[in-house]
Amino acid sequence: MLELMSTKHYKSILSAFVNHELSKGEQQEVAEHLMQCADCRNEHDRIKLGATFAGKMSQSDAPFGVWN
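Letter 60 of the sequence shown, counting from 1, is numbered 60 in the numbering used here, and no numbers are missing.
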């Protein structure tokens, strides 16, 4: 299981949770915690919103000479 299991909050791994990078058991444990913890749930919502915005951005090359 997670090395953070003994701590009260999961803020440091919420990005991995949002991106489905945790094991199935870890995902479940964090999901259960989020149902009980408004503080972590608020942080989760901010991360998820940022990921949604980032996913909608288009990629483009930097203009010539921008790095000079």
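We put the CB at the ideal spot given by N, CA and C, even for glycine.
Nearest by alpha-carbon distance to residue i: which of the options is it?
i	options	result
Leu26	Ile13, Gln36, Ala38 and Cys37	For the record, residue 26 in the displayed sequence is Glu; it is not Leu. Looking at the Cα atoms, Ile13 is the closest of the given residues.
Val40	Asn68, Trp67, Val66 and Ser15	The residue you asked about is not Val; residue 40 is Cys in the sequence shown. Measuring from the Cα of Cys40, the nearest candidate turns out to be Ser15.
Return yes when the Cβ of residue j is within less than 8 Å of the Cβ of residue i, no when it is not.
i	j	result
His9	Cys37	yes
Ala51	Val18	yes
So residue i and residue j are supposed to be a Cβ contact under 8 Å. How far apart are they, rounded?
i	j	result
Glu43	Lys11	5 Å
Let me know the beta strand (DSSP E) ranges lying completely inside the segment 5 to 52, each 3 residues or longer, listed in chain order.
-> none
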